[in-house]
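Asks: I'd like to ask you about the structure that follows.
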Amino acid sequence: MANEEAVKQHLILPTLSALGWKVDDPKEVRPEEKTEEGRADYALIKDGRIVAFLEAKNLSVNPVKAVTQLAKYCFDRGVEVGIVSNGRFWIIVKAFEPGKDIRDRIVTRVDVEEEPLDRIILKLSCISKEKIERILEMCEALNKIESGVKTLKSLGISEGEIANYVLSLPLRGAFPPEDVHPSEKVKGVYILDFNWKYLPVPDGTLKGALITLMEYLKEKEEEEREKKILEKAIAEIKTKHIPNEKIIFLIKGIEKEKGIKVLISL
(Lines of atoms letter the chains of each structure in order from A and count residues from 1; the text may use other names and numbers.)
(Lines give C-alpha, C1' and ligand atoms only; values in the text may rest on other atoms or scores of the structure.)
Protein backbone atom coordinates (compact mmCIF):
# COMPACT_ATOMS: atom_id res chain seq x y z
CA MET A 1 0.00 0.00 0.00
CA ALA A 2 2.28 2.76 -1.27
CA ASN A 3 -0.34 5.45 -1.95
CA GLU A 4 -0.72 7.98 0.88
CA GLU A 5 -4.46 8.32 0.33
CA ALA A 6 -4.86 4.54 0.62
CA VAL A 7 -2.94 4.61 3.91
CA LYS A 8 -5.32 7.28 5.19
CA GLN A 9 -8.50 5.51 4.13
CA HIS A 10 -7.58 1.92 4.97
CA LEU A 11 -5.25 2.24 7.96
CA ILE A 12 -5.27 5.61 9.70
CA LEU A 13 -8.95 6.61 9.61
CA PRO A 14 -10.19 3.14 10.69
CA THR A 15 -7.75 3.29 13.61
CA LEU A 16 -9.02 6.72 14.63
CA SER A 17 -12.59 5.47 14.34
CA ALA A 18 -11.78 2.51 16.61
CA LEU A 19 -10.34 5.01 19.09
CA GLY A 20 -13.65 6.85 19.35
CA TRP A 21 -13.20 9.62 16.78
CA LYS A 22 -16.02 10.45 14.34
CA VAL A 23 -13.86 10.47 11.24
CA ASP A 24 -16.69 11.73 8.99
CA ASP A 25 -17.39 14.71 11.25
CA PRO A 26 -15.13 17.71 10.48
CA LYS A 27 -15.93 19.04 13.94
CA GLU A 28 -13.81 16.17 15.29
CA VAL A 29 -11.47 15.07 12.49
CA ARG A 30 -10.85 17.94 10.08
CA PRO A 31 -8.78 17.20 6.95
CA GLU A 32 -6.29 19.58 5.35
CA GLU A 33 -6.10 22.00 8.28
CA LYS A 34 -4.41 25.20 7.17
CA THR A 35 -1.41 26.66 9.02
CA GLU A 36 1.17 29.30 8.07
CA GLU A 37 3.62 26.42 7.48
CA GLY A 38 1.32 24.45 5.16
CA ARG A 39 -1.62 22.10 5.56
CA ALA A 40 -1.72 19.38 8.18
CA ASP A 41 -3.40 16.20 6.97
CA TYR A 42 -5.77 16.12 9.93
CA ALA A 43 -6.65 18.19 12.96
CA LEU A 44 -8.12 16.25 15.88
CA ILE A 45 -10.66 18.47 17.61
CA LYS A 46 -12.32 18.10 21.00
CA ASP A 47 -14.74 20.60 22.54
CA GLY A 48 -14.03 22.98 19.67
CA ARG A 49 -10.26 23.02 20.26
CA ILE A 50 -7.52 21.42 18.16
CA VAL A 51 -5.82 18.94 20.50
CA ALA A 52 -3.43 17.33 17.98
CA PHE A 53 -2.28 17.45 14.38
CA LEU A 54 -1.87 14.18 12.50
CA GLU A 55 0.27 13.63 9.42
CA ALA A 56 -0.12 10.58 7.17
CA LYS A 57 2.73 9.14 5.09
CA ASN A 58 3.20 6.30 2.62
CA LEU A 59 4.15 2.93 4.07
CA SER A 60 7.51 3.28 2.34
CA VAL A 61 8.28 6.56 4.15
CA ASN A 62 9.99 6.62 7.54
CA PRO A 63 7.56 8.73 9.61
CA VAL A 64 10.43 10.13 11.71
CA LYS A 65 11.36 12.24 8.68
CA ALA A 66 8.03 14.05 8.97
CA VAL A 67 8.28 15.15 12.60
CA THR A 68 10.11 18.43 11.88
CA GLN A 69 7.38 19.67 9.53
CA LEU A 70 4.72 18.36 11.90
CA ALA A 71 6.27 20.37 14.76
CA LYS A 72 6.10 23.52 12.62
CA TYR A 73 2.37 23.02 12.09
CA CYS A 74 1.91 22.54 15.83
CA PHE A 75 4.03 25.55 16.78
CA ASP A 76 2.20 27.82 14.35
CA ARG A 77 -1.21 26.98 15.82
CA GLY A 78 -0.19 26.46 19.45
CA VAL A 79 -1.01 22.74 19.35
CA GLU A 80 0.96 20.76 21.93
CA VAL A 81 0.80 17.28 20.35
CA GLY A 82 1.71 15.99 16.91
CA ILE A 83 1.09 12.50 15.53
CA VAL A 84 2.58 11.00 12.40
CA SER A 85 1.85 7.57 10.94
CA ASN A 86 2.45 5.53 7.82
CA GLY A 87 -0.08 2.93 8.96
CA ARG A 88 2.52 0.60 10.42
CA PHE A 89 4.45 3.03 12.61
CA TRP A 90 2.78 5.61 14.82
CA ILE A 91 4.87 8.38 16.40
CA ILE A 92 3.67 10.88 19.00
CA VAL A 93 5.61 14.11 19.41
CA LYS A 94 5.61 16.80 22.08
CA ALA A 95 5.62 19.95 19.97
CA PHE A 96 7.23 22.37 22.44
CA GLU A 97 10.07 21.80 24.87
CA PRO A 98 12.84 24.42 25.14
CA GLY A 99 16.37 23.15 24.60
CA LYS A 100 15.35 19.82 23.07
CA ASP A 101 15.71 18.77 19.44
CA ILE A 102 12.41 17.72 17.88
CA ARG A 103 13.52 14.09 17.54
CA ASP A 104 14.27 14.02 21.26
CA ARG A 105 10.68 15.11 21.85
CA ILE A 106 9.25 11.89 20.41
CA VAL A 107 7.35 10.52 23.40
CA THR A 108 5.98 7.28 21.95
CA ARG A 109 6.62 4.96 19.01
CA VAL A 110 4.28 2.11 18.08
CA ASP A 111 5.02 -0.67 15.57
CA VAL A 112 1.73 -2.41 14.82
CA GLU A 113 3.45 -5.28 13.01
CA GLU A 114 6.08 -6.21 15.59
CA GLU A 115 4.70 -5.33 19.03
CA PRO A 116 2.31 -7.57 21.00
CA LEU A 117 -1.37 -6.74 20.44
CA ASP A 118 -2.07 -5.78 24.08
CA ARG A 119 0.86 -3.38 24.02
CA ILE A 120 -0.29 -1.80 20.73
CA ILE A 121 -3.83 -1.32 22.04
CA LEU A 122 -2.63 0.30 25.26
CA LYS A 123 -0.14 2.64 23.58
CA LEU A 124 -2.56 3.73 20.85
CA SER A 125 -5.33 4.26 23.40
CA CYS A 126 -3.61 7.49 24.43
CA ILE A 127 -4.74 8.89 21.05
CA SER A 128 -8.35 7.99 21.80
CA LYS A 129 -10.90 10.78 22.02
CA GLU A 130 -11.38 9.91 25.68
CA LYS A 131 -7.69 10.19 26.63
CA ILE A 132 -6.27 12.63 24.08
CA GLU A 133 -6.18 15.59 26.49
CA ARG A 134 -3.85 13.62 28.81
CA ILE A 135 -1.86 11.99 26.02
CA LEU A 136 1.56 13.31 27.13
CA GLU A 137 0.92 12.33 30.74
CA MET A 138 -0.04 8.80 29.68
CA CYS A 139 2.96 8.44 27.35
CA GLU A 140 5.31 9.60 30.11
CA ALA A 141 3.80 7.09 32.55
CA LEU A 142 4.20 4.22 30.06
CA ASN A 143 7.80 5.27 29.36
CA LYS A 144 8.56 5.20 33.09
CA ILE A 145 7.12 1.69 33.33
CA GLU A 146 9.29 0.50 30.42
CA SER A 147 12.39 2.11 31.94
CA GLY A 148 11.62 0.63 35.35
CA VAL A 149 11.10 -2.85 33.92
CA LYS A 150 14.48 -2.68 32.13
CA THR A 151 16.19 -1.63 35.36
CA LEU A 152 14.52 -4.39 37.40
CA LYS A 153 15.40 -7.03 34.78
CA SER A 154 19.03 -5.87 34.84
CA LEU A 155 18.93 -6.55 38.60
CA GLY A 156 17.88 -10.14 37.96
CA ILE A 157 14.16 -9.79 38.68
CA SER A 158 12.06 -11.94 36.36
CA GLU A 159 9.29 -10.66 34.09
CA GLY A 160 6.82 -12.81 36.00
CA GLU A 161 7.76 -11.24 39.33
CA ILE A 162 7.49 -7.75 37.84
CA ALA A 163 4.10 -8.52 36.28
CA ASN A 164 2.74 -9.92 39.54
CA TYR A 165 3.95 -6.85 41.40
CA VAL A 166 2.32 -4.45 38.93
CA LEU A 167 -0.94 -6.41 38.94
CA SER A 168 -1.04 -6.37 42.73
CA LEU A 169 -0.58 -2.59 43.05
CA PRO A 170 -4.31 -1.73 43.09
CA LEU A 171 -5.06 -4.35 45.77
CA ARG A 172 -5.73 -2.90 49.20
CA GLY A 173 -6.05 -5.00 52.33
CA ALA A 174 -5.24 -8.20 50.42
CA PHE A 175 -2.97 -10.84 51.93
CA PRO A 176 -1.70 -14.37 51.21
CA PRO A 177 -3.91 -17.01 52.87
CA GLU A 178 -1.15 -17.97 55.32
CA ASP A 179 -1.15 -14.42 56.73
CA VAL A 180 -4.85 -14.47 57.63
CA HIS A 181 -5.67 -15.01 61.32
CA PRO A 182 -8.70 -17.22 62.12
CA SER A 183 -10.37 -14.32 63.97
CA GLU A 184 -10.19 -11.95 60.98
CA LYS A 185 -13.29 -11.37 58.86
CA VAL A 186 -12.75 -12.23 55.19
CA LYS A 187 -14.41 -9.80 52.77
CA GLY A 188 -13.48 -11.51 49.54
CA VAL A 189 -10.93 -13.39 47.49
CA TYR A 190 -8.69 -12.02 44.72
CA ILE A 191 -7.78 -14.52 42.01
CA LEU A 192 -5.00 -13.80 39.52
CA ASP A 193 -6.05 -15.84 36.50
CA PHE A 194 -4.50 -13.84 33.62
CA ASN A 195 -6.13 -10.79 35.29
CA TRP A 196 -7.11 -10.08 38.88
CA LYS A 197 -10.70 -11.00 39.67
CA TYR A 198 -12.47 -10.15 42.92
CA LEU A 199 -15.18 -12.40 44.38
CA PRO A 200 -17.01 -11.62 47.64
CA VAL A 201 -17.09 -14.18 50.44
CA PRO A 202 -20.60 -14.02 51.97
CA ASP A 203 -19.89 -15.86 55.24
CA GLY A 204 -16.69 -13.92 56.00
CA THR A 205 -14.51 -16.96 56.72
CA LEU A 206 -11.35 -18.44 55.24
CA LYS A 207 -13.32 -21.63 54.61
CA GLY A 208 -15.81 -19.50 52.68
CA ALA A 209 -12.92 -18.13 50.62
CA LEU A 210 -11.88 -21.69 49.73
CA ILE A 211 -15.45 -22.53 48.70
CA THR A 212 -15.69 -19.33 46.62
CA LEU A 213 -12.41 -20.21 44.90
CA MET A 214 -13.60 -23.74 44.11
CA GLU A 215 -16.95 -22.47 42.81
CA TYR A 216 -15.06 -20.10 40.51
CA LEU A 217 -12.99 -23.02 39.19
CA LYS A 218 -16.13 -25.12 38.75
CA GLU A 219 -17.77 -22.40 36.62
CA LYS A 220 -14.62 -22.15 34.50
CA GLU A 221 -14.28 -25.91 34.02
CA GLU A 222 -15.39 -27.16 30.61
CA GLU A 223 -15.25 -30.91 31.25
CA GLU A 224 -18.42 -32.21 32.89
CA ARG A 225 -16.53 -34.89 34.82
CA GLU A 226 -14.25 -32.32 36.46
CA LYS A 227 -17.23 -30.11 37.24
CA LYS A 228 -18.89 -32.96 39.13
CA ILE A 229 -15.70 -33.69 41.08
CA LEU A 230 -15.48 -30.04 42.16
CA GLU A 231 -19.20 -29.94 42.99
CA LYS A 232 -18.86 -33.01 45.22
CA ALA A 233 -15.76 -31.57 46.94
CA ILE A 234 -17.53 -28.25 47.59
CA ALA A 235 -20.54 -30.01 49.12
CA GLU A 236 -18.25 -32.05 51.38
CA ILE A 237 -16.25 -29.00 52.54
CA LYS A 238 -19.45 -27.13 53.39
CA THR A 239 -20.53 -29.84 55.85
CA LYS A 240 -17.18 -30.33 57.60
CA HIS A 241 -15.17 -28.42 60.15
CA ILE A 242 -11.76 -27.85 58.57
CA PRO A 243 -8.83 -26.32 60.51
CA ASN A 244 -7.39 -23.11 59.04
CA GLU A 245 -4.05 -24.85 58.44
CA LYS A 246 -5.78 -27.39 56.22
CA ILE A 247 -7.70 -24.67 54.34
CA ILE A 248 -4.45 -22.80 53.65
CA PHE A 249 -2.83 -26.04 52.48
CA LEU A 250 -5.73 -26.66 50.07
CA ILE A 251 -5.66 -23.11 48.68
CA LYS A 252 -1.88 -23.25 48.12
CA GLY A 253 -2.31 -26.62 46.40
CA ILE A 254 -4.94 -25.15 44.06
CA GLU A 255 -2.60 -22.24 43.27
CA LYS A 256 0.17 -24.64 42.28
CA GLU A 257 -2.07 -27.02 40.32
CA LYS A 258 -3.98 -24.34 38.40
CA GLY A 259 -1.14 -21.84 37.98
CA ILE A 260 -3.08 -19.04 39.66
CA LYS A 261 -2.46 -16.64 42.55
CA VAL A 262 -4.89 -16.16 45.44
CA LEU A 263 -5.06 -13.29 47.92
CA ILE A 264 -7.55 -12.80 50.73
CA SER A 265 -9.27 -9.43 51.19
CA LEU A 266 -9.84 -8.38 54.81
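Each residue of the sequence shown is one higher than the one before, starting from 8 at the first, in this note's numbering.
Even for Gly, the Cβ is constructed at its ideal location relative to N, Cα and C.
#1: Identify which residue in V193, E121, L270 has its Cα closest to the Cα of L176.
#2: Going by DSSP in three states, F256 sits in which element: helix, strand or coil?
#3: Please report how far the alpha carbon of N69 lies from the alpha carbon of L124, in whole angstroms.
#4: Give the DSSP bridge partners of W28, in chain order.
#5: On the criterion of 16 or more Cβ atoms from any shown chain inside 10 Å, does D48 qualify as buried, or is it exposed?
#6: Are the Cβ atoms of E87 and V114 separated by less than 8 angstroms?
#7: Starting from V173 and walking both ways along the alpha helix (DSSP H), at which residues does that stretch end?
#8: If distances are taken between C-alpha atoms only, which option among I98, E121, V117, E120 comes closest to R110?
#9: Taking DSSP as the reference, what is the three-state secondary structure of F82?
#10: Going along the chain, which residues of its own chain have a beta-carbon closer than 6 angstroms to the beta-carbon of V30, five neighbours each way excluded?
#11: With H, G and I counted as helix, E and B as strand and the rest as coil, what does DSSP make of N69?
#12: For A50, which residues does DSSP report across the bridge?
#13: Quick one: grab the DSSP three-state call for A186.
#14: How many angstroms separate the CA atom of L237 from the CA atom of E121?
#15: Indicate whether the contact test is met: 3 or more Cβ pairs, each with one atom in the region 57-76 and one in the region 149-168, closer than 8 angstroms.
#16: Rounded to whole angstroms, what's the CA-CA distance from A275 to I142? Just pull it up for me.
#17: Span of the beta strand (DSSP E) holding T115?
#18: Under 8 angstroms between the Cβ atoms of K234 and K225?
#19: Suppose the cutoff is 6 angstroms on Cβ atoms and the five residues either side in sequence are ignored; what does the same chain contact list for Y205 look like?
#20: The beta strand (DSSP E) that contains G155, what's its start and end?
#21: What residues match up with Y197 in a beta bridge as DSSP calls it?
#22: Residue range of the alpha helix (DSSP H) that E245 falls in?
#23: When DSSP labels each residue in this structure, what does A102 get in the three-state scheme?
#24: In the DSSP assignment, what residue or residues form a beta bridge with T75?
#25: Suppose you measure from the CA of K268 to the CA of P33; what does that come to, to the nearest Å?
#26: Which whole-angstrom value is the C-beta distance of L273 and E191, which I expect to be below 8 angstroms?
#27: Taking the Cβ atom as the reference point for each residue, do S92 and L26 lie within a distance shorter than 8 angstroms?
Replies: Answer, in terms of the structure:
#1: The sequence position of residue 176 within the sequence shown is 169, counting from 1. L176 has its Cα closest to that of L270, out of V193, E121, L270.
#2: One-based indexing of the sequence shown puts residue 256 at position 249. Correct three-state label for F256: helix.
#3: Locating residue 69 in the sequence shown gives position 62, counting from the first residue. Locating residue 124 in the sequence shown gives position 117, counting from the first residue. Cα to Cα, the separation comes out at about 22 angstroms.
#4: Within the sequence shown, numbered from 1, the residue matching residue 28 stands at position 21. DSSP lists no partner for W28.
#5: Taking the sequence shown and counting its residues from 1, one reaches residue 48 at position 41. Under this definition D48 is a buried residue.
#6: Within the sequence shown, numbered from 1, the residue matching residue 87 stands at position 80. Within the sequence shown, numbered from 1, the residue matching residue 114 stands at position 107. Their beta carbons are not under 8 angstroms apart, which means E87 does not touch V114 by this criterion.
#7: One-based indexing of the sequence shown puts residue 173 at position 166. First-last of the alpha helix (DSSP H) with V173: 166-175.
#8: Start at 1 with the first residue of the sequence shown, and residue 110 comes out as number 103. Closest by alpha carbon: I98.
#9: Start at 1 with the first residue of the sequence shown, and residue 82 comes out as number 75. Three-state result, F82: helix.
#10: As a position in the sequence shown, residue 30 is number 23, starting the count at 1. Result list for V30: L20, L23, S24, V36, in chain order.
#11: For this step, residue 69 is matched to residue 62 along the sequence shown. Note: N69 maps to coil in three-state DSSP.
#12: Translated into positions along the sequence shown, residue 50 becomes position 43. According to DSSP, which records beta bridges pairwise, A50 is partnered with R37, F60.
#13: Here residue 186 corresponds to residue number 179 of the sequence shown, with the count starting at 1. The identity of residue 186 in the sequence shown is Asp, whereas the question assumes Ala. In this structure, D186 counts as helix in the three-state DSSP scheme.
#14: Indexing the sequence shown from 1 puts residue 237 at position 230. Indexing the sequence shown from 1 puts residue 121 at position 114. Taking the straight line joining both Cα atoms gives about 42 angstroms.
#15: no
#16: Residue numbering for the chain in the displayed model covers 8 to 273; residue 275 lies beyond these limits and cannot be assessed.
#17: For the purposes of this step, residue 115 is taken as residue 108 along the sequence shown, with counting starting at 1. 113-118 is the span of the beta strand (DSSP E), which, as asked, contains T115.
#18: The residue given as residue 234 occupies position 227 in the sequence shown. The residue given as residue 225 occupies position 218 in the sequence shown. Yes, the Cβ-Cβ distance between K234 and K225 is below 8 angstroms.
#19: The residue given as residue 205 occupies position 198 in the sequence shown. The answer, listed in chain order, is G195, Y197.
#20: Along the sequence shown, read from residue 1 onward, the residue named residue 155 stands at position 148. Run containing G155: none in the beta strand (DSSP E); it sits in the alpha helix (DSSP H), 142-161.
#21: What you label residue 197 is simply residue 190 of the sequence shown in a count that begins at 1. Its beta-bridge partners are Y205, L270.
#22: Here residue 245 corresponds to residue number 238 of the sequence shown, with the count starting at 1. At residue 245 the sequence reads Lys, which differs from the Glu that was named. From DSSP, the alpha helix (DSSP H) with K245 extends over 231-246.
#23: Stepping through the sequence shown from its first residue, residue 102 is reached at position 95. Of the three classes helix, strand and coil, the one that applies to A102 here is coil, per DSSP.
#24: As a first step, residue 75 is located in the sequence shown; it is residue number 68 there, counting from the start. According to DSSP, T75 bridges with nothing at all.
#25: Within the sequence shown, numbered from 1, the residue matching residue 268 stands at position 261. Within the sequence shown, numbered from 1, the residue matching residue 33 stands at position 26. So the alpha carbons of these two residues sit roughly 49 angstroms apart.
#26: One-based indexing of the sequence shown puts residue 273 at position 266. One-based indexing of the sequence shown puts residue 191 at position 184. At roughly 5 angstroms, the Cβ-Cβ gap stays under 8 angstroms, so L273 and E191 are in contact.
#27: Reading the sequence shown from its first residue, position 85 is the one you call residue 92. Reading the sequence shown from its first residue, position 19 is the one you call residue 26. The answer is no: Cβ separation not under 8 angstroms.
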